[in-house]
Amino acid sequence: MITSDMDGTLLGGGRWDERKLPQDFEEVLGRLEQMGIHFLAASGRTYPSVRANFGGLADRVDYICDNGGCLVHNGSVVHVEQILPELAEKLHQLVLNQQLGQFSCCSAKGTYLLGGTSWLGSVREQQWIFPLEDVSALDEPISKMTVRLVRGLDVFAVRQQLEDALGDGLNFVVSTPQIIDVMKRGVDKGSGLRYFQKLWGIDREECMSFGDQYNDFGQFEASGWSFAMANAAQEIKAKARFVADSNERQGVTRAIRAYVFGER
Numbered sequence: 099m100i101t102s103d104m105d106g107t108l109l110g111g112g113r114w115d116e117r118k119l120p121q122d123f124e125e126v127l128g129r130l131e132q133m134g135i136h137f138l139a140a141s142g143r144t145y146p147s148v149r150a151n152f153g154g155l156a157d158r159v160d161y162i163c164d165n166g167g168c169l170v171h172n173g174s175v176v177h178v179e180q181i182l183p184e185l186a187e188k189l190h191q192l193v194l195n196q197q198l199g200q201f202s203c204c205s206a207k208g209t210y211l212l213g214g215t216s217w218l219g220s221v222r223e224q225q226w227i228f229p230l231e232d233v234s235a236l237d238e239p240i241s242k243m244t245v246r247l248v249r250g251l252d253v254f255a256v257r258q259q260l261e262d263a264l265g266d267g268l269n270f271v272v273s274t275p276q277i278i279d280v281m282k283r284g285v286d287k288g289s290g291l292r293y294f295q296k297l298w299g300i301d302r303e304e305c306m307s308f309g310d311q312y313n314d315f316g317q318f319e320a321s322g323w324s325f326a327m328a329n330a331a332q333e334i335k336a337k338a339r340f341v342a343d344s345n346e347r348q349g350v351t352r353a354i355r356a357y358v359f360g361e362r
């Protein structure tokens, strides 16, 4: 099994509307399928957003979405690590009271934005963003929450603040310098990877993972062959067993060709 983060890892291109799969991804995916190797996209983004990156290949890939909160196999959601609505509301109120930034809840359908504010993320994501009056009005399982910080705040200090307040029931991970993703306690990309390991009877040493951010530490720990991208920060590289070429140089498929196909 191979799991790969998306933005900054598998996808190249700076602007959202320019991010694309490696040119040789379809060929590499076909060869992996012939070898009986599963490929999974492991992302902090929601399922419809991640799926859209794969176009006509979308049904040939499985997904660890919402940092492990939503798992998809053969085009169907097979597992959701549901966050209790009361915990979601507590976090929402804390973010509001401390004026930390924009708060949203995620499900298998997309992102629900609270507070009547405008979406601050990419225009590309807008099609999967829905307004929500309050957490209690959401009639589907919450798989992840996101706090998009106002500029000037220290993301690690805020993460610690939230962990101190609600860490008994929630897991807080830094996804970017401005974004803290929040899942059910014990849930991350690594827990999603372990779900599929159990589903398919795959050992840790039979797994390869790729990532470039702090929210990839879980999948690094759950796989025997962990790769940080060359464009990742040094502390992220230190958590991985290997360093792959950068996302702009198709580092994921280059590493697969070298370590799986034996191409040198």
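Numbering of the sequence shown is given in the working numbering, commencing with residue 99 and proceeding in unit increments.
Glycine included, each C-beta is placed from N, C-alpha and C at the ideal position.
Every value quoted in this text rests on a predicted model; they were computed, and no experiment measured them.
Tell me which same chain residues have a C-beta within less than 6 Å of the C-beta of residue i, skipping the five on either side of it?
i: Phe270; result: Arg257, Leu260, Glu261, Ile278 and Val280
i: Leu130; result: Phe137
i: Leu297; result: none
By Cβ distance below 7 Å, which residues in the same chain neighbour residue i in space, the five residues on each side in sequence not counted?
i: Gln225; result: none
i: Leu127; result: Phe137, Leu155 and Arg158
i: Lys118; result: Leu109, Gly110 and Gly111
i: Gly173; result: Asp157
Is the Cβ-Cβ distance between residue i and residue j less than 8 Å?
i: Asp164; j: Gly142; result: yes
i: Gly288; j: Glu319; result: yes
i: Ala326; j: Lys337; result: yes
i: Leu212; j: His190; result: yes
i: Leu185; j: His177; result: no
i: Thr144; j: Ser321; result: no
i: Asp103; j: Gln276; result: no
i: Leu268; j: Arg283; result: yes
i: Ile300; j: Met243; result: no
Which residue comes first and which comes last in the alpha helix (DSSP H) that contains residue i?
i: Pro256; result: It should be noted that the sequence gives Val, not Pro, for residue 256. Segment Val253 to Leu264, the alpha helix (DSSP H) holding Val256.
i: Arg292; result: Lys287 to Trp298
i: Arg129; result: Phe123 to Gln132
i: Pro146; result: Tyr145 to Ala150
Could you pull the start and end residues of the beta strand (DSSP E) that residue i belongs to?
i: Thr351; result: Element bounds for Thr351: not the beta strand (DSSP E) but the alpha helix (DSSP H), Gly349 to Tyr357.
i: Pro183; result: Per DSSP, Pro183 belongs to no beta strand (DSSP E); it is in the alpha helix (DSSP H), Pro183 to Gln196.
i: Ala342; result: Phe340 to Ala342
Residue i: buried (16+ other C-beta within 10 angstroms of its C-beta) or exposed?
i: Asn151; result: buried
i: Ala331; result: exposed
#### Entry: Three-pair Cβ contact test at 8 Å for the region 180 to 199 versus the region 156 to 164
no
### Message
Could you check whether the region 302 to 313 touches the region 203 to 213, counting it as contact only if at least three pairs of C-beta atoms, one from each stretch, sit closer than 8 Å?
### Response
no
### Message
Assess contact between the region 101 to 121 and the region 335 to 345, defined as three or more Cβ pairs (one per stretch) separated by less than 8 Å. Is contact present?
### Response
yes
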